[in-house]
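These notes are about the structure you will find just below.
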Amino acid sequence: MKTTTSHSVISIDEYLKLKPEIALHPIHCNKHDRSIDLYCINHDMALCRLCMTENHRGCLKMLPIEDAAQNFKKSLHLKQTLESLESMREMLQRLAEDRLENISDIEQSEKLVKEKISTVRDRLIKHIEALHEQIQEEVSSIVFQKTLQLKRQHNDILEQQETNKLWTKNIETMIAMGSDMNLFLMSQKYRDVRKGQEVFVNENQRQSQRYHISYHETENILGSIKSFGYINVTTTQSKVAMPTDEPMPLKYFPLDMNRLRMRDGSALPPLPLSRLTNRTKFSRTTMGTNKTLKPENFRLKKKIEVPKTRKNLDYVWITGIQYIPTTNKILVCNRNDNHLYLYDDYGRKIKEVPLNTRPWGITLLMGTQSAVVTLPEIKAIQFINIMTFAPAKTANVGTWCAGITNVSNQLIIGCDGCFKVLDASGNLKHTVPVNGGRIWYIHACINGTIVYSDTYKVYGVTIDGGEIFKYESEDMDCSEGITTDYNDNIYVAGRDSNDIHQLSLNGELLRIILSKSDGLVKPYALHFRKKARQLYVSFDGKFIAVYDVKNSR
Numbered sequence: 001m002k003t004t005t006s007h008s009v010i011s012i013d014e015y016l017k018l019k020p021e022i023a024l025h026p027i028h029c030n031k032h033d034r035s036i037d038l039y040c041i042n043h044d045m046a047l048c049r050l051c052m053t054e055n056h057r058g059c060l061k062m063l064p065i066e067d068a069a070q071n072f073k074k075s076l077h078l079k080q081t082l083e084s085l086e087s088m089r090e091m092l093q094r095l096a097e098d099r100l101e102n103i104s105d106i107e108q109s110e111k112l113v114k115e116k117i118s119t120v121r122d123r124l125i126k127h128i129e130a131l132h133e134q135i136q137e138e139v140s141s142i143v144f145q146k147t148l149q150l151k152r153q154h155n156d157i158l159e160q161q162e163t164n165k166l167w168t169k170n171i172e173t174m175i176a177m178g179s180d181m182n183l184f185l186m187s188q189k190y191r192d193v194r195k196g197q198e199v200f201v202n203e204n205q206r207q208s209q210r211y212h213i214s215y216h217e218t219e220n221i222l223g224s225i226k227s228f229g230y231i232n233v234t235t236t237q238s239k240v241a242m243p244t245d246e247p248m249p250l251k252y253f254p255l256d257m258n259r260l261r262m263r264d265g266s267a268l269p270p271l272p273l274s275r276l277t278n279r280t281k282f283s284r285t286t287m288g289t290n291k292t293l294k295p296e297n298f299r300l301k302k303k304i305e306v307p308k309t310r311k312n313l314d315y316v317w318i319t320g321i322q323y324i325p326t327t328n329k330i331l332v333c334n335r336n337d338n339h340l341y342l343y344d345d346y347g348r349k350i351k352e353v354p355l356n357t358r359p360w361g362i363t364l365l366m367g368t369q370s371a372v373v374t375l376p377e378i379k380a381i382q383f384i385n386i387m388t389f390a391p392a393k394t395a396n397v398g399t400w401c402a403g404i405t406n407v408s409n410q411l412i413i414g415c416d417g418c419f420k421v422l423d424a425s426g427n428l429k430h431t432v433p434v435n436g437g438r439i440w441y442i443h444a445c446i447n448g449t450i451v452y453s454d455t456y457k458v459y460g461v462t463i464d465g466g467e468i469f470k471y472e473s474e475d476m477d478c479s480e481g482i483t484t485d486y487n488d489n490i491y492v493a494g495r496d497s498n499d500i501h502q503l504s505l506n507g508e509l510l511r512i513i514l515s516k517s518d519g520l521v522k523p524y525a526l527h528f529r530k531k532a533r534q535l536y537v538s539f540d541g542k543f544i545a546v547y548d549v550k551n552s553r
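Residue numbers 1 to 553, in full-length UniProt numbering, belong to the letters of the sequence shown in order.
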């Protein structure tokens, strides 16, 4: 076999160890089944000529794939790809260790809880043996269920680790023995894998709560034995966090792009379009159902589209909506972008307001010129001038925060198992412990009741934390956004149950105003314009549906 110094060789054994989709690099376009022979610098994309004529006619920076892949092994893009693989490996390892640690913790807790239960049992002699047996079974059942859940999560993480190891090994092998072309195309394909793993890690990070088991003895148990006590399962957020400043592989720019020439030394000519087919026409994706939303008193008026504004955004995730009555403008929080979006009353985008990091919730300080957003990643809030729509100062909250509302120009910030009360300047006044876990959404009613959701339940409390009501229903799964109408009825979005519940001020269900049968899909943020009698709903976090409300009991 003849080889040259410009060709690296991989053994047959090593080649056979590669997965088929990795070993056989994608030299053909998945869409058109044509050879990939072009690279669009504008969109950082390898493509065929049909792709170019359909979607890249206006792109001014286009190169032959051979020139684009030239010296790819020396590129910063490859270096960042390897760093990204290593970062993901470390994150998956930390997630796996966290699950194992929690399994050990709750297994140790089981022994301690049972010992404490046995101590109480000894004081109550034989007439409490039945209750003792019952609560022991409850402990074992909880530990079994939670351990099983954690083991499943751990196994999922291990699978992702194996995928990460495989890609790391294959890219390292290709670096050592493969061609620039194969390595470049393999790197292109890894980006899709990386996106999937990012979604997996972010979802696990949000849902990977740690379970803690403890036993609480019934007060005056010898005097009035009504139960043997109860087992309390509390959760705290996992310490494993996705680095917020970790760079994804940057857009790839071929080395010495400006020096690439034709073989005769002339500059690269524009690509010929005459031999390519006409542009394919695409229609905009519409809402998941064509059914008109007509529940009892709610009529769909319009949709406000919130498209991706930057190429590096995977998708839009609307988590906060705030109408500004003085200017008839709407501020929108996109959780996947470090900008606040400004829309007019017709649904037209006017401006993007840069923020320090990605926002979650938003509120308006009435009587002032400020709106305020929460920034969970940096444990802070940021003020926005609603006259100039320019970013203003940030204020440290000191802990994770998401939901936000205000009472008498005091900011109420939803945190983990508590809410913090800040003055209108962002200075901390006091912290109010409350029941539940992380407060993703919080809303203040006219009568001063603070209503919040922690994904599992909806609570109504006083400004001092005194519980007024607790609402949970088999018909509601994953409670999210909260708002109130002009009669101070409470609205709560059920994300996974695809419905919106209307509650009274004392937390009683009045009715389910919208559901999946009405076309509702995974509602997140809610906002009610009281004078206009309009309800704003974030559909799957991707666009805003505006409903006219005829009457609200």
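Positions of the beta carbon are idealized from the N, C-alpha and C atoms, including for glycine.
Keeping to the same chain, check which residues put their C-beta closer than 6 Å to that of residue i; ignore five residues upstream and five downstream.
| i | result |
| --- | --- |
| VAL407 | ALA444 |
| LEU63 | TYR39 |
| ARG533 | VAL549 |
| LYS516 | ASN498 |
Let me know if residue i comes out buried or exposed under the rule of 16 or more other beta-carbons within 10 Å of its beta-carbon.
| i | result |
| --- | --- |
| THR214 | The sequence shown places Ser at residue 214, not Thr. Answer is exposed; the Cβ neighbour count stays below 16. |
| ALA130 | exposed |
| VAL332 | buried |
| ARG123 | exposed |
| ALA96 | buried |
| ARG299 | exposed |
| HIS430 | exposed |
| ARG152 | exposed |
| LYS281 | In this prediction, LYS281 has a pLDDT of 28, which is less than 50 and means its spatial position is unreliable; nothing more can be read from the coordinates. |
| PRO376 | buried |
| ASN396 | exposed |
| LEU112 | exposed |
| ILE350 | exposed |
| LEU85 | buried |
| ILE500 | buried |
If you draw a straight line from the C-alpha of residue i to the C-alpha of residue j, how long is it?
| i | j | result |
| --- | --- | --- |
| ASN297 | LYS550 | 5 Å |
| MET91 | GLN207 | 15 Å |
| TYR486 | PHE539 | 23 Å |
| HIS216 | TYR471 | 24 Å |
| THR388 | LYS329 | 12 Å |
| PRO359 | TYR315 | 15 Å |
| HIS56 | ILE36 | 14 Å |
| THR81 | ASP454 | 37 Å |
| HIS43 | TYR459 | 47 Å |
| LEU535 | TYR547 | 5 Å |
| ARG89 | ILE490 | 44 Å |
| ILE412 | ASN334 | 21 Å |
| GLU101 | GLN108 | 11 Å |
| THR218 | GLY196 | 48 Å |
| MET494 | TRP440 | The amino acid at residue 494 is misidentified as Met; the sequence shows Gly. So the two alpha carbons sit approximately 13 Å from each other. |
| ARG348 | ALA380 | 29 Å |
| ILE106 | GLY414 | 28 Å |
| THR286 | PHE543 | Legend: pLDDT at THR286 = 26, less than 50; position of this residue unreliable, value from coordinates given subsequently. Roughly 11 Å separates the two Cα atoms. |
| GLN382 | THR374 | 7 Å |
| residue 554 | GLU172 | Look at the range of the chain in this structure, 1 to 553, and you will see that residue 554 is not part of it. |
Provide the residue span of the alpha helix (DSSP H) that contains residue i, from first to last.
| i | result |
| --- | --- |
| MET132 | Reading off the sequence shown, one finds His at residue 132, where the question assumed Met. It spans 129 to 177 - the alpha helix (DSSP H) in which HIS132 sits, taken as one unbroken run. |
| CYS51 | 49 to 55 |
| PHE184 | 180 to 207 |
| ASP499 | Careful: ASP499 lies outside any alpha helix (DSSP H), inside the beta strand (DSSP E) at 499 to 503. |
Report the CB separation of residue i from residue j in whole angstroms; it is logged as a contact under 8 Å.
| i | j | result |
| --- | --- | --- |
| LEU340 | ILE384 | 6 Å |
| TYR323 | ARG529 | 5 Å |
| ILE378 | ASN409 | Not quite, the Cβ-Cβ distance comes to about 24 Å (not below 8 Å), so this is no contact. |
Where do the N-terminal and C-terminal ends of the beta strand (DSSP E) with residue i fall, by residue?
| i | result |
| --- | --- |
| LYS420 | 416 to 422 |
| ALA68 | Note, ALA68: premise wrong, no beta strand (DSSP E); alpha helix (DSSP H) at 65 to 68. |
| GLU467 | 467 to 471 |
| TYR459 | 458 to 461 |
| PHE543 | 543 to 549 |
| SER479 | 479 to 484 |
| ARG299 | 298 to 305 |
| GLY436 | 428 to 438 |
| VAL372 | 370 to 375 |
Apart from the five residues on each side of it in sequence, which residues of its chain come closer than 8 Å, Cβ to Cβ, to residue i?
| i | result |
| --- | --- |
| VAL193 | THR163 and TRP167 |
| ILE117 | HIS132, ILE135, GLN136, VAL139, TYR215, PHE228 and GLY229 |
| THR462 | GLY448, THR449, ILE450 and ILE468 |
| ARG34 | HIS28, CYS48, ARG49 and LEU50 |
| SER504 | ASN489, ILE490 and LEU510 |
Counting contacts by CB-CB distance shorter than 8 Å, is residue i in contact with chain B?
| i | result |
| --- | --- |
| GLY347 | Among the chains of the structure shown, chain B does not appear; only one protein chain is present. |
Ignore the nearest five residues each way along the sequence and tell me which others in residue i's own chain have a CB closer than 7 Å to its CB.
| i | result |
| --- | --- |
| ILE175 | LYS73 and LEU183 |
| TYR211 | ASN102, ILE106, LYS146, VAL233 and THR235 |
| ALA545 | LEU300, LYS303, VAL537 and PHE539 |
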